[in-house]
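What follows is a set of notes on a single structure, which appears directly below.
Residue numbers (the working numbering), protein chains in the order written: chain S, 3 to 472; chain W, 928 to 1349.
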């Protein structure tokens, strides 16, 4: 069966084989890993979620000095010697490149596809699609450069920069600034030589990475693809930029997108609504958020910048089955639209969100030969970027698409805003939930999961994930 | 499968602004490299660049008021090229608005602004923090950090494009990849029209300084126009530049319906990875070979069909030799029968814009029936033994062109552009 790049079935017909498993050209997730302030790797993150922890704390680097009290979700740096094949590469890496490489390597290993002569996929058939954020270079490395570039009045002098300052710069500093380095380091570490694209810097880019990887697999341009999103905005540049744009919560104030608190003490569901989903514990979840009815708390405007990365391994189902891999979930459909503005607000038009969500659900339904949306959307993962009007439009649009209240998961309430890493992180949560690999033992989530990706730039994307019959 | 036409183009570059001026500049064989004027580089080791000159920003400021607050030249360049391309294609906002139109632009790196840094030399860290704190309280009317998606977002907002709004950051391969990505969006039916290309300006202190530290730049400052020498035995590095090119890629049926004529036809693309090192190309050129072969396969063509190659041709010792071997390997005997030239010899290295500007030079070749030269190639290198069209443009009547873009870090992008059969 042929499907187009975003999940349409060519002609009409069942999107599943007679045994209930997906058609061969269905793109499935065979591994999903996350690295963020809650832990390194899905098992650690899952454990933290189960324990009701969140990752919110204070911003790192110079941000703590120039904007004290900034609430952020920094990621404790992983040990390069443990997670990199060539640890010395770390000194060339920006923070997002390092996190991307760690997440990507964990995912490739979890899929059983680590580099080596026995890998069942040729290096040049292994693709990589990466989305990364902005401002992840280490400003502390520039301090010696600035020091030797100041004139007698304490002003940075270009003349002195040229004469002296640049000599104090790490000659390889440029590699920390180049935004394609997260992909390049991952490709070097795992010998990925196939199709590739690099996107930036917000949720729209993260969603595009997933969509283009799936399209590449459907075209037959690759046998497997790593999709990675990475962002390291909890430091100097990220905090400065977000503060300049007025996008942060006030100092000392924790984010509460859509009124959903992070802290268990503040009434959150296990400190995080993801357990409603990834915990499989939908039945045990004490408070399910429904929209358009608002939750009890009023939202707090602003976001908490985060460090983190997530990586997925995608394959066509026939390839996964051939090599005996167990898919976590199927990527059933994708849709997107952009409502760009000259500012940085997310899409504030609920009808756009509704249209995109509806389209994705219809495409998923087409794969099953039906006209309607999947009968059961077990949960929806929202971006909830901290813009109250945008967040309400996001939630309201989904409610319009689904025809009523729905079960929402808002990861940003617990680990801050991951921007370009958000979509891959959300898909990772959804995939594990559908596979029954959440923080509780209640079994796998039933039905489909709708992931909505929205953020600065005005892009809105919707991804439908479905359970894969074993 | 849909056919994809190139129905318009906009460009600002060191050799000319606007399609016709750019075409004239490409074929004139004159260098666009000169002393840096955009900042005082007097004490810098590298003091030359390929700058865009004669660009009238006033009309752009009227159309994009936010531009007056942005300190990021690549955004200005991108918007200039995009507006030209839209006009060149005979389109306007009414024709572009909606979900069936996309924008995909390659963009360069974040610019670290240095002008505002001020403080005590004995505690620079505290001074930097203090300055940042001060700037947050008084922005002075500037947006100091400009995210990489700014140009694509502003274009989409102004013209109401509601399809994919994509920012590609694949360094030197970004422009080529953005074109390839947009081509697939059109060919596969996601959209009918896409504005695609790349923009960059590395002509700022940390751009010139940072890339100079990598050892990637030629140390020759005099005479500026002779510094970058792709494929020459005396080549010793690249020269940075700035520019932008945006192409209008359009479903052929859509273009016909509105009476548009093609400049050329976009036929195929591919991207691969070296997975070797962030600093150097893979010595065998295997990734580049694979990208060329896959791009041709994507276009449904054999190597013998290729009539011209626009080389990546950076003027660095390693790239040019590896690329020569890769072209030979990918095209076989055909490699020695066709012209291969390096636009960077005239423009300098436009980094994220280079793939788009060089793809546009292929369109120029098809439209003007002449291939651009490689200038400054006066002493052949035995390791670079193809026909690089030294010195002067050459009449040419081919049909199929290949444009190579190989990025720092090992990303390889190749696009195939051919004469449109209408």
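Note that the Cβ used here is the ideal one computed from N, Cα and C, for glycine as well.
Member of W:1056, W:1074, W:957 whose CA lies at the smallest distance from the CA of residue 141 of chain S: Indexing the first chain from 1 puts residue 141 of chain S at position 139. Checking every option, the nearest Cα to that of residue 141 of chain S belongs to W:1056.
Neighbour list for residue 235 of chain S in chain W, Cβ cutoff strictly below 9 Å: Numbered from its first residue, the first chain carries residue 235 of chain S at position 233. Simply none; closest approach about 11 Å.
Expected contact under 8 Å - CB spacing of residue 37 of chain S and residue 104 of chain S to nearest Å: Counted from its first residue, the first chain places residue 37 of chain S at position 35. Counted from its first residue, the first chain places residue 104 of chain S at position 102. About 5 Å separates the two Cβ atoms, so the contact holds.
Range covered by the beta strand (DSSP E) that runs through residue 1209 of chain W: As a first step, residue 1209 of chain W must be located in the second chain, where it is residue number 282. Premise fails: residue 1209 of chain W is in no beta strand (DSSP E) and is neither H nor E.
Residue range of the alpha helix (DSSP H) that includes residue 1289 of chain W: Numbered from 1 along the second chain, position 362 holds the residue referred to as residue 1289 of chain W. Where residue 1289 of chain W is concerned, the enclosing alpha helix (DSSP H) stretches over 1281-1295.
Beta-carbon separation (whole angstroms), residue 1124 of chain W vs residue 1016 of chain W, contact threshold 8 Å: The residue given as residue 1124 of chain W occupies position 197 in the second chain. The residue given as residue 1016 of chain W occupies position 89 in the second chain. Not a contact, Cβ separation roughly 13 Å.
Coil, strand or helix - residue 85 of chain S by DSSP: The residue you call residue 85 of chain S lines up with position 83 of the first chain. If DSSP states are grouped into helix, strand and coil, residue 85 of chain S belongs with the helices.
Cross-chain neighbours of residue 996 of chain W in chain S, by beta carbon under 7 Å: Translated into the one-based positions of the second chain, residue 996 of chain W becomes position 69. Against residue 996 of chain W, chain S offers no close residue; the least beta-carbon distance is about 10 Å (beta-carbon pairs closer than 7 Å).
Continuous alpha helix (DSSP H) stretch holding residue 349 of chain S: start and end: The count along the first chain starts at 1 and reaches residue 349 of chain S at position 347. No alpha helix (DSSP H) contains residue 349 of chain S, which DSSP labels as neither H nor E.
Straight-line Cα distance separating residue 1140 of chain W from residue 165 of chain S: Taking the first chain and counting its residues from 1, one reaches residue 165 of chain S at position 163. Taking the second chain and counting its residues from 1, one reaches residue 1140 of chain W at position 213. Their backbone Cα atoms lie some 13 Å apart in a straight line.
Contact residues within the region 1090-1109 of chain W, judged by C-beta distance below 8 Å to chain S: The residues in question are 1090, 1091, 1092, 1093, 1094, 1095, 1096, 1097, 1098, 1100, 1101, 1104, 1108.
Inter-residue spacing [alpha-carbon to alpha-carbon] between residue 60 of chain S and residue 1284 of chain W: For the purposes of this step, residue 60 of chain S is taken as the residue at position 58 of the first chain. For the purposes of this step, residue 1284 of chain W is taken as the residue at position 357 of the second chain. So the alpha carbons of these two residues sit roughly 44 Å apart.
Enclosing beta strand (DSSP E) for residue 1171 of chain W [first to last residue]: As a first step, residue 1171 of chain W is located in the second chain; it is residue number 244 there, counting from the start. That run of the beta strand (DSSP E) goes 1169-1178.
Nearest-angstrom Cα separation, counted from residue 1290 of chain W out to residue 1245 of chain W: By 1-based counting over the second chain, the position of residue 1245 of chain W is 318. By 1-based counting over the second chain, the position of residue 1290 of chain W is 363. In a straight line, the C-alpha of residue 1245 of chain W is about 28 Å away from that of residue 1290 of chain W.
Whole-angstrom distance between residue 337 of chain S and residue 30 of chain S, CA atom to CA atom: Within the first chain, numbered from 1, the residue matching residue 30 of chain S stands at position 28. Within the first chain, numbered from 1, the residue matching residue 337 of chain S stands at position 335. In a straight line, the C-alpha of residue 30 of chain S is about 17 Å away from that of residue 337 of chain S.
Chain S within 8 Å of residue 942 of chain W, Cβ atoms only: Stepping through the second chain from its first residue, residue 942 of chain W is reached at position 15. No, residue 942 of chain W lies away from the interface with chain S (no Cβ there is under 8 Å from its Cβ).
Assigned exposure category for residue 986 of chain W - 16 Cβ within 10 Å defines buried: For the purposes of this step, residue 986 of chain W is taken as the residue at position 59 of the second chain. The residue in question, residue 986 of chain W, is exposed, as its Cβ has fewer than 16 Cβ neighbours within 10 Å.
Residues in the region 243-254 of chain S having any Cβ partner in chain W nearer than 7 Å: 243, 245, 246
Span separating the alpha-carbon of residue 364 of chain S from that of residue 466 of chain S: Along the first chain, one-based indexing puts residue 364 of chain S at 362. Along the first chain, one-based indexing puts residue 466 of chain S at 464. Each residue's alpha carbon lies about 10 Å from the other.
CA-to-CA distance, residue 1113 of chain W to residue 1184 of chain W, given in whole angstroms: Within the second chain, residue 1184 of chain W is the residue found at index 257, counting from 1. Within the second chain, residue 1113 of chain W is the residue found at index 186, counting from 1. Taking the straight line joining both Cα atoms gives about 16 Å.
Cutoff 8 Å; reference residue 1296 of chain W; Cβ partners in own chain excluding five residues on either side: Mapped onto the second chain, residue 1296 of chain W falls at position 369. Excluding sequence neighbours, residue 1296 of chain W sits near 1322, 1323, 1324.
Three CB pairs or more closer than 8 Å across the region 1096-1105 of chain W and the region 1328-1347 of chain W: yes
Residue 280 of chain S in three-state terms, based on DSSP: Counting from one through the first chain, the residue named residue 280 of chain S turns up at place 278. Summary for residue 280 of chain S: the model assigns pLDDT 32, below 50, so the residue's position carries little reliability; its value from the coordinates is reported in the next sentence. Correct three-state label for residue 280 of chain S: coil.
Of the residues W:1271, W:1013, W:948, the one placed nearest residue 1162 of chain W, counting alpha carbons only: Along the second chain, read from residue 1 onward, the residue named residue 1162 of chain W stands at position 235. Cα-wise, what sits closest to residue 1162 of chain W is W:1271.
Between the CA atoms of residue 932 of chain W and residue 958 of chain W - distance to the nearest angstrom: Position 31 of the second chain, counting from 1, holds the residue named residue 958 of chain W. Position 5 of the second chain, counting from 1, holds the residue named residue 932 of chain W. Cα to Cα, the separation comes out at about 30 Å.
Residue 218 of chain S, DSSP secondary structure in three states: Start at 1 with the first residue of the first chain, and residue 218 of chain S comes out as number 216. DSSP places residue 218 of chain S in helix when its eight states are reduced to three.
CB contact flag (residue 305 of chain S, residue 397 of chain S, <8 Å): For this step, residue 305 of chain S is matched to residue 303 along the first chain. For this step, residue 397 of chain S is matched to residue 395 along the first chain. The Cβ-Cβ distance between residue 305 of chain S and residue 397 of chain S does not fall below 8 Å.
CA nearest to the CA of residue 1191 of chain W, picked from W:1007, W:1346, W:1261: Stepping through the second chain from its first residue, residue 1191 of chain W is reached at position 264. If we check each option's Cα against that of residue 1191 of chain W, W:1346 comes out closest.
At least three beta-carbon pairs within less than 8 Å, the region 198-211 of chain S to the region 109-117 of chain S: Output reads no: the region 109-117 of chain S does not touch the region 198-211 of chain S.
Where residue 427 of chain S falls, given that 16 or more other Cβ within 10 Å makes a residue buried: Your numbering for residue 427 of chain S matches position 425 in the first chain. Burial call: buried.
Best match in S:112, S:108, S:307 for proximity to residue 247 of chain S [C-alpha to C-alpha]: Taking the first chain and counting its residues from 1, the one referred to as residue 247 of chain S is at position 245. That would be S:307, whose Cα lies nearest to the Cα of residue 247 of chain S.
Continuous alpha helix (DSSP H) assignments of at least 4 residues falling wholly in the region 368-427 of chain S: Secondary structure in the region 368-427 of chain S: the alpha helix (DSSP H) runs of 4 residues or longer, each lying completely within the stretch, are 390-404, 414-417 in chain order.
Beta carbon proximity, residue 1081 of chain W to chain S, threshold 8 Å: Here the question's residue 1081 of chain W lines up with position 154 in the second chain. Interface residue, yes.
Proximal residues to residue 956 of chain W (C-beta, below 8 Å), its chain only, five neighbours per side dropped: Along the second chain, read from residue 1 onward, the residue named residue 956 of chain W stands at position 29. Within the same chain, residue 956 of chain W has close Cβ partners 1273, 1299, 1300, 1302, 1318, 1319, 1320.
Cβ-Cβ separation, residue 1033 of chain W to residue 1095 of chain W (assumed contact under 8 Å), whole Å: As a position in the second chain, residue 1095 of chain W is number 168, starting the count at 1. As a position in the second chain, residue 1033 of chain W is number 106, starting the count at 1. That belief holds up - the Cβ atoms of residue 1095 of chain W and residue 1033 of chain W are roughly 5 Å apart, short of 8 Å.
8 Å Cβ cut-off: residues of chain W touching residue 136 of chain S: Here residue 136 of chain S refers to the residue found at position 134 when the first chain is read from its first residue. What residue 136 of chain S touches in chain W: 1037, 1072, 1074, 1075.
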